[in-house]
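To start, the structure itself, in structure tokens.
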Amino acid sequence: MRRKKRTATRAAACVLSLAMAFGGVSVMPANVAAAEKYDYGDALSKSLLFYQLQEAGTMSEETLSRCNWKGNSCEHDGQDVGLDLSGGWYDAGDNAKFNLPMAYSSMLLGWSYLNNPEAYKNSGQEKWMLHDLKWANDYFVKCNPDAHTYYYQVGNGGHDHAFWSAAECVEAALNTTAYASRPSYKVGDETANGGTGVTAEAASSLAVASMVFKDSDPELSEQYLEHARTLFTIANKARSEKGYTMANGYYSSFNGFWDELGMAACWLYEATGEKTYLNVAEECVPKFGTEDPGTKDQAYSWPLCWDDVHLAANLKLAEFTGKKEYYEILEKNIDFWIGRISGSHTITYSPKGLAVCDTWGSARYACNEAFLCFMYAELPDADAAYKKDATKFAEQQINYVLGDGGHSYQVGFGKDYPVNPHHRTAHGSWLGELTKLPKTNRHLLVGALVGGPASADDDDYEDTRSNYQTNEVACDYNAAFTGDLAIMYDKYSEGKRAEDASAIETPDGEEYLVTGLIQSQNSSDSGSSVELMIHFENRTAWPAVPTDSLVVRTYLDISDVLEKGYKPSDIKTSTNFAQGSAVISELKPTGKNGIYYCDLDLTGTYILPAGESLNNKEFTYKITAPCKWKYTNSPSLKDLLKTDYNHQADPVNIAFYNRGVLVHGQEYSGSGAATPTPTPRPTESAGGEDPVPEGDYGELEGTKIPGMTQDGKIQIFFKDDTGKYLDEHACVEGEAVEPAAWIISNTYHDKNGWSGEAERYEFIGWRSTLNGRYYASDKIPAATEPCSYYAIFRDTEAPATPTPTKKPTVTPKPTATAKPTVKPTATPKPTATVKPTTKPTATPKPTATPTKAPTQKPGKATVKIVGKNLELQGKIGAAVYADVTGVNAEDVYVVTTVNGEEISSEVEAYDDGLTVTTFVKPKELHDEITLEFRNAADDSVIKLKDGSTSLSYSVADIAKLYQSKTYSKETRELAEAIVNYGSYAQKLLKYNTSSAKVTDTLSDVTKDDVADYKAVTSGKVAGLSYMGPGLTLNADTVLDVYFRISDGYDLDDYSFTVDGKKIKPVDAGSGYCYVEIEGIKAKDLGKVYNVSVKKGSSTFTVKASVLSWSETVLGGKTGDAATVNMAKMVYRYSEKATAYFEK
């Protein structure tokens, strides 16, 4: 069934619809078509990307253009049977390929495209849908090598599930004991080896794909149809599941094969028009499963899913035949899911509306049922009442999944989305276990739909990788969900083009961790030698790359040996120990006088990010000279001269190659030796690595942590950031880091110079003596092995580093150096007795007096908060005044977050302080704003005077200070109005309503109060209709004046002005447009704006204000209490602002 293109219709009732617009709330006229509740195009784009993130085989350029953490994987699938069975999709978070759910998913995607082609074209996602369909169906073609055979699975489920690592590591792991085998499994056309269900499902997918590509690629379409016919014949002849055994326990055919056979017959009938297929489809119907054992009533309560497509077959048969029996079973299904009748299963609704039929993948089943309901609603003879109920149910379920349930259940979409789905490659672990590091997945599995709530008792959701019920992902989870999104896009998104989703990421650091040391050394006249030990660890994830041909190139200076008359061949190389095979070369010239190199070749030794025994290898090698040799001059050894077992270093001047590509270290400068082109490596920020990367307590990396003393305490060694020894202390595991207290209690403080100066040292984290890397934590780690970490402190009074480690990325470093005419003073607390001389005003603007170029001040940098001010001139916000000591104010930047999300603030510097002004949307008045002050010289956090690292407050908190009786009546009432304005906005949006406390019920505000603000119109222009005023609630207020252009007229033929100034209208689609009047201040909410529209000699004029919107609402018949209260609150806000500013 192909869905006809719909046109936008007017809403019949006079109800004001809401839509998110430009980060605020846009309240539109009632007769404008309903806007989308969520960005369905964006969700659709991400859902299609998910399938690319599941791809097996050799990656296409299209996929690589959208994701940098996937690489080629399982390219040799099928070699065990002499075939190329590479390609297809990995099933879920594992690396096996199960064709039953894969074909089901591909079939539904193709069905969605046939049903809603315009959704994919208009959203810009057609390219990606066709890519996904081709990727899956090309694989099914490979799986059908002849007229009697179909390969239905690649990979043993048990062996695969025992291996927790990225797909890119699977084939390399086959060379170890980690991954036992990866066989291919087939079924045939005989009863004894039949697999009718899985074979018929592939026939369905190919038949659908043949119709998708019929016009764009006729040759491919014909190939797909030919294989669909062949597979249907195999399935129909066998009519057996006896050969379908290896998927049991994973994708067992619980429901039998008649539903898949009937579905395939339906699709082949639609693709060919041959009635033979329709006859087979109707033959299958009586053999579909029953609702209860022993009855003949066809099952109706279980939704569409990978194992049960009989309701989908009924839907197609209803479309083809119009028979009542097919409609009735679908209507029975709808009755069950909306609670009119009972069945053999149970549907329970969560408090926020999710229909739960099973606790494993509850969101998946709700979306599957939604797709059936949407499809029923488009049948030619669908009952009007059922269509309405089915559509309402379907939309409710999709909106729940996208956010109405309190979470987005699609990775990467909306707010509070999952980040830890149960997925091997996305986890990116190098330790081979799902519960081990990293705690948070290294990759965002963009677009994946997770399982959802585990119970209908509440809407709680656990974003935990090990929770299979709530956080499993799979190809079948996204299939119907994608179709639902296309329908919602078609209905609500008005052709808006979606941005192509992306999974391009920045790597989280070095992916190869290499340390080395000089294990032994000897230099004498009779001979010299140096023995190196290297520890090589593979943590690759962008993408995961098995190391199977590691070559270690060491550059040596033997010029003094050659001067003594020896030849390079007189210097011997040898390997003493290697975890794997190792062959070392003789010395070879670099082309640079006296500089030679040797290659240690570990080809055949597999080092994979797939487990503690697989991800690292250790090896030693020795170079021996026949005479005294100054090996310390060698380029590759200079970083290792002061190393030992407890103090290893990164051998950055040794070159490490995998498959001929440089992966770590560096080649000798000026070398003429043949070397491969190095691969790009993650670049560090200017000035070097951030000394305190993010990390959680308990997530220290490395192989050793501080050891315990005999009394059960941990001995910690203090060093400064140059590595100099400062002190040591015995600490209790888990104890907070308190350097001042430790030093006071320590007997060593006098000798190391810390006496009386404990507070000048700031703890910044732990540093590994194994690899020299930093790890952030404010707790003492657990101790299991001898100490090889030390606590590291920064001397806060040391001279500033001249080059900043990195530039601020959110709030730009302030450049203003002028000083305000009056230094801001502290905001009096409500109990203060001193009354301010002036009421709160806008953030003071600095004068244009230039100052000298900034220079770092000596001493410890601190920030003292000296005042807070409420911004009242226009936007809603607050200013914070801070005195800065120990560093120049213009060298401080501010990182501002609202509810943990970084935003921009306005920052102005004066001689010894900063003004930081933050603006918020009305709904965010109660949200926590956090300011963190940072030194641009070294990116360090500057502590506040009280010792805290940040300041937290809300605009509502500051507004409440101005409700003290120390302020004028007008000030108090305006401050109260601002707080209530935010609370009513929260209620309107259902945003954090627990904090939305109102002190004004607005019971005295009526339509009579706003009657004088009714919009006034005059004139007439052909093809133009005035639709009414709308409102956008940002930090400032935006008035939107809506129009509709009739069919046959062009928006470009009209000119728009506001108060005589030309303005370009916003094209809202479907003939609607609106004029935006931005930056309206609180005291100007009643100001009238003249909006004129001209076409030729005709003019139409609207005189309207923000309060015209309130008049429209209060003078109308809407029963929406939240909108009515918001309209009243806009009036109250205007009333109090006017009184304040006119005083």
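Residues in the sequence shown are numbered consecutively from 611, following this note's numbering. The beta-carbon is built from N, C-alpha and C at its ideal position, and this holds for glycine as well. Model, not experiment: these values are computed from the prediction.
Which listed residue (the options) has its alpha carbon closest to that of residue i
| i | options | result |
| --- | --- | --- |
| A1585 | F1751, S791, G1681 | F1751 |
| T1183 | K1198, E1173, K1746, T882 | K1198 |
| K1106 | G1119, G1679, V1497 | G1679 |
| N1545 | G1126, C684, V1497, E1534 | V1497 |
| Y919 | D1180, A992, A713, L1634 | Note on identity: in this sequence residue 919 is Val, with Tyr being the wrong assignment. Here the closest residue by C-alpha is A713. |
| D1657 | N709, D902, A1632, H955 | A1632 |
| S1179 | E1196, R1163, P1261 | E1196 |
| Q1079 | S1558, T1603, D968, S1550 | D968 |
| G1042 | K752, A782, A776, A1488 | A776 |
| A1058 | V1551, F660, S1560, L1561 | F660 |
| D1614 | K744, V1490, V1734 | V1734 |
| T1667 | V1676, D1610, S1139 | V1676 |
| P647 | G1024, D902, E870 | In the sequence under discussion, the amino acid at residue 647 is Lys, which differs from the Pro named in the question. With distances taken between Cα atoms, K647 lies closest to G1024. |
| S1159 | V751, Y762, L1272, V1476 | L1272 |
| S1223 | N1203, T1253, G1190 | G1190 |
| I1144 | S1665, N1186, A1547 | N1186 |
Whole-angstrom C-beta distance between residue j and residue i, which should lie under 8 angstroms
| i | j | result |
| --- | --- | --- |
| S733 | Y1099 | 6 angstroms |
| S1130 | E1141 | 4 angstroms |
| D701 | C1085 | 6 angstroms |
| L724 | V822 | 6 angstroms |
CB contact flag (residue i, residue j, <7 angstroms)
| i | j | result |
| --- | --- | --- |
| K656 | G1022 | yes |
| P1063 | S952 | no |
| L695 | D687 | yes |
| R907 | F864 | For clarity, residue 907 is Asp in the given sequence; the question names Arg instead. Cβ distance not < 7 angstroms, so D907 and F864 don't count as in contact. |
| D1650 | E1688 | no |
| P1532 | A1471 | no |
| N705 | D756 | no |
| I1194 | T1157 | no |
| L1541 | T1506 | yes |
| W947 | I957 | yes |
| A1066 | V966 | yes |
| Y861 | F708 | yes |
| T1528 | G1487 | yes |
| G798 | T759 | yes |
| N1263 | P1245 | yes |
| D1493 | K1478 | no |
| D1068 | G1016 | no |
| V1620 | L1554 | no |
Cut-off 6 angstroms between Cβ atoms - residues of its own chain near residue i, not counting five sequence neighbours on either side
| i | result |
| --- | --- |
| D1094 | C977, A980, F981, I1008 |
| G1629 | T1709, F1710, T1711 |
| I1513 | T1506 |
| V949 | The question names Val, but residue 949 in the sequence shown is Gly. Hits under 6 angstroms: none found. |
| M985 | L925 |
| T1435 | Any reading at T1435 needs caution, since the residue's pLDDT is 32, under 50, leaving its predicted position unreliable; the model's value is listed next. Here the set comprises G1477. |
Nonlocal neighbours in the same chain, by C-beta distance under 7 angstroms from residue i, ignoring five residues either side
| i | result |
| --- | --- |
| M1762 | Outside the shown range of the chain (611 to 1753) lies residue 1762, about which nothing can therefore be said. |
| S722 | T1092, G1093, A1096 |
| V1712 | A1625, T1627, Y1636, V1651, V1701 |
| C677 | Q662, L663, A1113, I1114 |
Spatial neighbours of residue i in its chain, beta-carbon cut-off 8 angstroms, leaving aside the 5 residues before and after
| i | result |
| --- | --- |
| M1744 | Correcting the residue type first, residue 1744 is Ser in the shown sequence and not Met. Cβ neighbours of S1744 beyond the five flanking positions: A1692, K1693, L1695, G1696, V1716, L1717. |
| I1242 | Note on residue identity: the sequence assigns Thr, not Ile, to residue 1242. So the list reads K1248, L1251, once near-sequence residues are dropped. |
| N1225 | W1040, L1041, G1042, E1147, N1148, R1149, I1217, L1218, P1219 |
| G1366 | Only weak support is given to the placement of G1366: the predicted model assigns it a pLDDT of 47, under 50, and the value that follows is read from those uncertain coordinates. Here the set comprises nothing. |
Heavy atom of the ligand FAD within 6 angstroms of residue i beta-carbon
| i | result |
| --- | --- |
| D1067 | By its list of ligands, the structure shown contains no ligand whatsoever, and the ligand FAD lies outside what it can speak to. |
**OP:** Report yes or no: do three or more beta-carbon pairs, one from the stretch 1204-1214 and one from the stretch 1026-1038, lie closer than 8 angstroms?
**Re:** no
Subject >> Cβ pair count under 8 angstroms reaching 3, the stretch 812-821 against the stretch 1065-1075 >> reply: no
Original post:
Three or more beta-carbon pairs under 8 angstroms between the stretch 1001-1016 and the stretch 663-681, yes or no?
Top reply: no
Original post:
Hey, is the stretch 842-851 in contact with the stretch 796-804, meaning 3+ C-beta pairs nearer than 8 angstroms?
Top reply: yes
Original post:
Is it a yes or a no for the stretch 871-886 touching the stretch 923-937, going by three-plus beta-carbon pairs under 8 angstroms?
Top reply: yes
Original post:
Between the stretch 815-833 and the stretch 747-755, are three or more C-beta pairs nearer than 8 angstroms?
Top reply: yes
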